[in-house]
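S.K.:
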Amino acid sequence: MFVVGMGQLAFAQSTPADTVVIKIGESSKVIFAIHKNDLQTIKYYDFQALMNDMITKLENNDGTNVSTPPSNYLKDQDRVVSTDKQDEVTYEWPKDTESDERDDDDDEWITYEGNNSSRNGERQVIRTYRGKRTTHSLNFDIGTNNLLKDGKFPDSGNDLYTVKPFGSWYVGINSIQRTRLANKFFLEWGVGVSWYNFKFENQQTIMSKDNVGVNFAIDTRDLDFKKSKLTASYINASFVPVIDFGGNRRKPMVFDSRNANSFRIGVGPYVGYRIDSYTKQVFEESGDKKRNRNHDSFYLDNIRYGGRLQIGFQDVDLFFNYDMNELFTSGKGPALNAFSFGVTF
């Protein structure tokens, strides 16, 4: 005997039900007694799955009695079925990733209450789970940045603004919304702040400006120079369409086992506005370590805009940003384009 305790499909004995007879082959038939009050509830069940289990049991000549909970045959396994009388709840979570863990803060439940139509007079409740279309994450971009002049690194001409790769860190903090547009197509959009840190290869490089433009020169003071760099910070907005082949509605994160088999890629624009900039020199004088900071615009362009590439596999996400406009205002400094790349946490 194969028994499925579908309380949601039960009906009061005092009210007649409609009978549906399905003939199969020459000598088999399936009979459903369906009450009209249960038409809404019956839509939630996968009867094909029920038939498959029943056929498997018959083919194995299994004569034991089996009582199966109705939640096993809910479509998509994404609903909660409960009764008021027994106060029992069976949870079945949607599996849009490989993890069974869920955060209800970003989820939506729609409750349907059926009539008192079960054999025991219980009020049946079906709660349908729906993941929100848009989820939020706080992302950190950590990487390095550099400069290009006519598509080449400035070190080819031994320019004083040649950047030292190690120590030229790029840092970004971004509040990102992830909106599902289609099954595996998302839009990641949001705002954040970022910092360029251009550490010059020549530790004696000093920046200044006059009415003509920005100047790069050698600091000739008799000091033991340790570091010279230019820092610029921006507030940014980005819009990156993403294809996530894993269909993960949440933004993937590092060391997150939910995305073990997920590959994702996205390309989109960003725009930023400069909020601060300064130069910093570190040197030793008479055995004392000193730092000089000079906050100034240095004719840096107030606006930056460009394109962002994101590539992720499993639990790791990489980014690449390229500023399409020049770092300095046109005619006030060398024609340099900034770029950055690294890992997103």
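Position 106, counted from 1, in the sequence shown is what the working numbering calls 122; the numbers after and before it change by one each time, with no gaps.
Don't be surprised by glycine CBs; every beta carbon is placed ideally from N, CA and C.
#1: At the level of alpha carbons, what is the spacing between Val187 and Asp238?
#2: Starting from Glu204 and walking both ways along the beta strand (DSSP E), at which residues does that stretch end?
#3: Which residues mark the beginning and the end of the alpha helix (DSSP H) in which Gln297 is found?
#4: Grab me the residues of Asn231's own chain with a C-beta within less than 8 Å of its C-beta, minus the 5 sequence neighbours each way, in chain order.
#5: In terms of alpha-carbon separation, which member of Asp240, Pro285, Ala354 and Phe314 lies closest to Glu302?
#6: According to DSSP, which residues form a beta bridge with Gln326?
#7: Ordered along the chain, which non-local residues of its own chain (more than five positions away) have a Cβ less than 7 Å from that of Ala65?
#8: In angstroms with no decimal places, state the Cα-to-Cα distance between Gly349 and Asn199.
#9: Measure the CB-CB distance between Phe1 and Asn162 and report whether it falls below 8 Å.
#10: Can you tell me where the beta strand (DSSP E) holding Met340 begins and where it ends?
#11: Since Tyr250 and Ile291 are thought to touch, with beta carbons under 8 Å apart, how far apart are those beta carbons, to the nearest angstrom?
#12: Is the separation between the beta-carbon of Gly328 and that of Met340 shorter than 8 Å?
#13: Give the straight-line distance between the Cα atoms of Gly167 and Asn353, rounded to the nearest whole angstrom.
#14: Which value, in whole angstroms, describes the spacing of the CA atoms of Ile40 and Asn68?
#15: Identify, in the order they occur along the chain, each residue of the same chain with its Cβ nearer than 7 Å to the Cβ of Trp185, setting aside the five sequence neighbours on each side.
#16: Hey, could you find the ends of the alpha helix (DSSP H) Asn227 is sitting in?
#17: Is it buried or exposed for Asp304, if we count other Cβ within 10 angstroms and need 16 for buried?
#18: Work out the CA separation of Phe169 and Glu204 for me, nearest whole Å.
#19: Assuming Lys245 is part of the beta strand (DSSP E), what are its boundary residues?
#20: Helix, strand or coil: which one does DSSP assign to Asp69?
#21: Using the Cα positions of Asp312 and Leu246, report the straight-line distance between them to the nearest angstrom.
M.R.: So, from the listed chains and residues:
#1: Within the model, the alpha-carbon separation for Val187 versus Asp238 is close to 33 Å.
#2: Phe201 to Lys215
#3: Membership of Gln297 in any alpha helix (DSSP H) is not indicated; the residue belongs instead to the beta strand (DSSP E) covering Phe279 to Glu301.
#4: Met223, Ser224 and Lys225
#5: Note that residue 302 is Ser in the sequence shown here, rather than Glu. Nearest C-alpha to Ser302: Asp240.
#6: Gly282 and Phe335
#7: Tyr89
#8: 47 Å
#9: Outside the shown range of the chain, which is 17 to 361, sits residue 1, and nothing can be said about it.
#10: That residue, Met340, is in no beta strand (DSSP E); it is neither H nor E in DSSP.
#11: 6 Å
#12: no
#13: Cα to Cα, Gly167 sits roughly 8 Å from Asn353.
#14: Rounded to the nearest whole angstrom, the C-alpha separation of Ile40 and Asn68 is 14 Å.
#15: Thr160 and Asn213
#16: Here Asn227 belongs to no alpha helix (DSSP H), and DSSP marks it neither H nor E.
#17: exposed
#18: So the alpha carbons of these two residues sit roughly 31 Å apart.
#19: Asp240 to Asp260
#20: helix
#21: 10 Å
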